[in-house]
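Novice: Got a structure for you, questions after.
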Amino acid sequence: DSGVTQTPKHLITATGQRVTLRCSPRSGDLSVYWYQQSLDQGLQFLIQYYNGEERAKGNILERFSAQQFPDLHSELNLSSLELGDSALYFCASSVVGRASGNTIYFGEGSWLTVV
Amino acid sequence: AQSVAQPEDQVNVAEGNPLTVKCTYSVSGNPYLFWYVQYPNRGLQFLLKYITGDNLVKGSYGFEAEFNKSQTSFHLKKPSALVSDSALYFCAVRDGGSSNTGKLIFGQGTTLQVKP
């Protein structure tokens, strides 16, 4: 158990709908990262938050947004869903939000299927 | 720009034989290098990391990795493979470039298949 908790584990939704993925970081971790894993794209970095502030943005679509709350949990909102958004979405956390030897731990992921 | 390459999509090895999964990197500044493993339908599990010091790093499940600065490589190794080692392995580097976000930059992954 990495200590990073993601919900839901699985969800199936229709095209055009909106879903919210939730992540609770490890205790004491201030930085949260979101990644998308699909068969054809590998592991793609989406967005990073550090202590409530956006720290870095990657290949995140405009239809997607995220935030980190004062209690440090984070949510990834995916809207106007398309079939191509079907993927495994990972949340990860670490103590610091800069390059260091500090380990980044991952949750089990949320499997999203868009039908 | 920071980057990581895993030149092999798949590595096949017989159980009991040594295994190597290759990784090369390109970074500016200190390389903080990591290996993660993903078992089928599971999340990413941390295996080991290189920060500084000894070039041979030992990690979980009997895995180790050798850091080679001159060859900019960080190959994952295990002396004797198990069928249960069959999984998808990712090499990664922390982003320490101009933005210094610390996010992980991953290689494309290598599928390890260990046959009985």
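Chains Z and G, in that order, are what the protein sequence lines are.
In terms of the numbering used here, the first sequence has 97 at position 97, counting the first letter as 1, and numbering is strictly consecutive.
In terms of the numbering used here, the second sequence has 1109 at position 109, counting the first letter as 1, and numbering is strictly consecutive.
Even glycine gets a Cβ: it sits at the ideal position worked out from N, Cα and C.
What does a CB cutoff of less than 7 Å around F1074/G pick up in its chain, not counting 5 residues either side in sequence?
Specialist: Position 74 of the second sequence, counting from 1, holds the residue named residue 1074/G. Contacts found: C1023, Y1025, L1033, Y1050, A1065, F1067, C1091.
Novice: If you draw a straight line from the C-alpha of Q36/Z to the C-alpha of Y1036/G, how long is it?
Specialist: Locating residue 36/Z in the first sequence gives position 36, counting from the first residue. Locating residue 1036/G in the second sequence gives position 36, counting from the first residue. Whole-angstrom Cα-Cα distance: 16 Å.
Novice: Name the chain Z residues that come within less than 8 Å of F1090/G, Cβ to Cβ?
Specialist: Taking the second sequence and counting its residues from 1, the one referred to as residue 1090/G is at position 90. Per Cβ cutoff of 8 Å: L43.
Novice: Is there a C-beta anywhere in chain Z that falls below 8 Å from the one on Q1108/G?
Specialist: To locate residue 1108/G, count along the second sequence from 1; it is residue 108. Judged by the 8 Å Cβ criterion, Q1108/G is in contact with chain Z.
Novice: Check each candidate in K9/Z, G3/Z, L11/Z, T15/Z and name the one with the smallest Cα separation from R63/Z.
Specialist: Taking the first sequence and counting its residues from 1, one reaches residue 63/Z at position 63. Considering only alpha carbons, the answer is T15/Z.
Novice: Would you call the CB atoms of E1015/G and A1081/G closer than 8 Å?
Specialist: Along the second sequence, one-based indexing puts residue 1015/G at 15. Along the second sequence, one-based indexing puts residue 1081/G at 81. Yes.
Novice: Under a three-way DSSP split, which group does C94/Z fall into?
Specialist: As a working mapping, residue 94/Z is identified with position 94 in the first sequence. It should be pointed out that residue 94/Z corresponds to Ser in this sequence rather than to Cys. Here S94/Z sits in strand by DSSP.
Novice: Can you confirm whether S1060/G, when its beta carbon is compared against all beta carbons of chain Z, has any partner nearer than 8 Å?
Specialist: What you label residue 1060/G is simply residue 60 of the second sequence in a count that begins at 1. S1060/G does not count as touching chain Z.
Novice: Compute the distance between the beta-carbons of P1018/G and K1077/G, then report whether it is under 8 Å.
Specialist: Here residue 1018/G refers to the residue found at position 18 of the second sequence. Here residue 1077/G refers to the residue found at position 77 of the second sequence. Going by C-beta atoms, P1018/G is nearer than 8 Å to K1077/G.
Novice: Under 8 Å: do the region 1045 to 1061 of chain G and the region 37 to 50 of chain Z share three or more Cβ pairs, one atom per stretch?
Specialist: No: fewer than three Cβ pairs fall under 8 Å.
Novice: By alpha-carbon positions, which one of H10/Z, S79/Z, S74/Z ends up nearest to C91/Z?
Specialist: The count along the first sequence starts at 1 and reaches residue 91/Z at position 91. It is S74/Z.
Novice: Report the three-state DSSP secondary structure of G84/Z (helix, strand or coil).
Specialist: Here residue 84/Z corresponds to residue number 84 of the first sequence, with the count starting at 1. The answer is helix: DSSP assigns G84/Z an H, G or I state.
Novice: Under 8 Å between C-beta atoms, does Y1032/G make it to chain Z?
Specialist: In the second sequence, residue 1032/G corresponds to position 32, counting from 1. True, the Cβ-Cβ gap to chain Z drops below 8 Å.
Novice: Are there 16 or more other CB atoms within 10 angstroms of the CB of Y992/G, so buried, or fewer, so exposed?
Specialist: Since the first and last residues shown for chain G are 1001 and 1116, residue 992/G lies out of range.
Novice: So for V115/Z, helix, strand or coil by DSSP?
Specialist: By one-based count along the first sequence, residue 115/Z stands at place 115. Coil, per DSSP.
Novice: Going by beta-carbon coordinates alone, are Q1108/G and Q1002/G separated by less than 8 Å?
Specialist: In the second sequence, the residue the question calls residue 1108/G occupies position 108. In the second sequence, the residue the question calls residue 1002/G occupies position 2. Contact flag unset, no.
Novice: Indicate whether at least one CB of chain G lies closer than 8 Å to the CB of S100/Z.
Specialist: Numbered from 1 along the first sequence, position 100 holds the residue referred to as residue 100/Z. So yes, S100/Z belongs to the interface.
Novice: Taking DSSP as the reference, what is the three-state secondary structure of V1083/G?
Specialist: Walking along the second sequence from the start, residue 1083/G turns up at place 83. Helix at V1083/G.
Novice: Smallest Cα separation from T1110/G: which of Y1089/G, K1103/G, G1096/G?
Specialist: Here the question's residue 1110/G lines up with position 110 in the second sequence. Comparing Cα positions, the closest option is Y1089/G.
Novice: Spatial neighbours of L1104/G within its chain, please: CB distance less than 8 Å, with the 5 preceding and 5 following residues excluded, ordered by chain position.
Specialist: Counted from its first residue, the second sequence places residue 1104/G at position 104. Around L1104/G: F1034, A1092, V1093, R1094, D1095.
Novice: Run through chain G and tell me which residues come within less than 9 Å of Q48/Z, C-beta to C-beta.
Specialist: For the purposes of this step, residue 48/Z is identified with residue 48 of the first sequence, where counting begins at 1. Under the 9 Å cutoff, chain G gives T1101, G1102, K1103.
Novice: Within 8 Å of any Cβ in chain Z, is that where the Cβ of L1019/G sits?
Specialist: Here residue 1019/G corresponds to residue number 19 of the second sequence, with the count starting at 1. Closer than 8 Å: no.
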